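Right, one structure below, let's go through it.
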Amino acid sequence: MPDLLRKPFGTRGKVHQITPESAGWRYVGFSLYRLKAGDTASEVTGDREVILVMVEGKARITGAGQNWGVLGERMNVFEKTPPHCLYLPNGSTWDARAETDCVLAICSAPGKGGHEARRIGPDGITLTERGKGTNTRYINNIAMENEDYCDSLLVTEVFTPAGHWSSYPSHRHDEDDYPRITYLEETYYHRLNPAGGFGIQRVYTDDGQLDETMAVSDGEVVLVPRGHHPCGAPYGFEMYYLNVMAGPLRKWRFVAAAEVAWIMERDA
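Given below as structure tokens:
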């Protein structure tokens, strides 16, 4: 069985570290720090660009030779307020000191030196409704295709109400055939409210060679190397996820699964 579900390996400090090598792919990296007030973290980006996302809490951050001050505002991700983020190009160093207990996500992909360091959000990020009926969810776009902030990265947050579906109708982006479809690897960092709940995510290909359905707990990460990847929030449990995507082209083009294409067409 593919190792698509990654559990945190601790409760303090760095608790996730997913590299292209550990994921068995080429582009996306994702790591996560859970820090107590006063804790520090630092990394060198090397040949990769990064977006630091303050999922929860506040931290004082320096990066790419600049002092960015204190980033972060929401103390609980389910406040749904726009996140404070920082883009740093390849060849940078960053340091963070937690001002409060905080959760700091590090999204990474190959950097090409095409963009300067910059703050992203909270200004310019607006919670946007997407979908219909029990497919309704709410999006905070951090750095998607319309935001020319990065060389490779595509990053967004999604809030899925209890009892709703998300990343649905099922779709895939696993071929390099632009403009019909683009090849994008993807990670999902999941949170649940209440935290003791669970969500469901299925990752499957049309030919059935990959077909895994996972119960996802608060703080776990799901890898999507290829195929369709819908997820659902059971009644009583709200779901959040932070998506990181990257591939050879910074475009998001997908193809719907044949069995649900009619839903996508109907609701367009």
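FYI, the numbering for the sequence shown is -5 to 262, going by the numbering used here.
Just so it is clear, CB atoms sit at the ideal spot from N, CA and C, and this is done for glycine as well.
Everything numeric in this text was worked out from a predicted model, so none of it was measured.
Item, Value
"Nonlocal neighbours in the same chain, by C-beta distance under 7 Å from E123, ignoring five residues either side", "T130, Y132"
"Which listed residue (T128, P116, S164) has its alpha carbon closest to that of T150", "P116"
"Alpha carbon of E50 to alpha carbon of H78, nearest angstrom", "9 Å"
"CB of R0 within 8 Å of CB of V197, strictly", "no"
"Between the CA atoms of D89 and L284 - distance to the nearest angstrom", "Any answer about residue 284 is impossible in this case: the structure gives the chain only from -5 up to 262."
"R244, DSSP secondary structure in three states", "coil"
"Separation of L29 from G57, as counted between CA atoms", "18 Å"
"Outcome for R244 when other beta-carbon atoms lying within 10 angstroms are tallied against a minimum of 16", "buried"
"Buried or exposed by the 16-neighbour rule on C-beta atoms within 10 Å, applied to M(-5)", "At M(-5), the pLDDT of 48 sits below 50, so the modelled position is not reliable and the matter cannot be decided from this model."
"Which residues DSSP lists as bridging D201, in chain order", "DSSP lists no partner for D201."
"According to DSSP, residues forming a beta bridge with D168", "Y177"
"Cβ-based neighbour list, T13, same chain, cut-off 7 Å, excluding 5 preceding and 5 following", "G23"
"Cα-Cα separation between G107 and Y229, rounded to whole angstroms", "45 Å"
"A111 to K74 span [Cα, whole Å]", "25 Å"
"Cut-off 6 Å between Cβ atoms - residues of its own chain near L178, not counting five sequence neighbours on either side", "H167, M239, G241"
"Buried/exposed call for S38, threshold 16 Cβ in 10 Å", "The amino acid occupying residue 38 in the given sequence is Val; Ser does not appear at that position. So V38 ends up on the exposed side."
"Opposing strand residues paired with H10 [DSSP bridges]", "L26"
"Proximity to G226 [Cα-Cα], best of F153, D200, F248", "F153"
"For R196, the residue or residues it bridges with in DSSP", "T207"
"Which listed residue (M138, G193, S161) has its alpha carbon closest to that of I257", "S161"
"Simplified DSSP assignment, three categories, for D261", "helix"
"Residue from D33, V254, F3 with nearest C-alpha to S25", "F3"
"Helix, strand or coil at S36 according to DSSP, with G and I counted as helix", "strand"
"Contact test: L148 Cβ vs the ligand SAH heavy atom, cutoff 7 Å", "With respect to the ligand SAH, the structure shown offers nothing to examine, as it has no ligands at all."
"Residue range of the unbroken beta strand (DSSP E) whose run includes W88", "87 to 92"
"Simplified DSSP state of T154, which is helix, strand or coil", "strand"
"Burial state of S86 (16 or more Cβ within 10 Å)", "buried"
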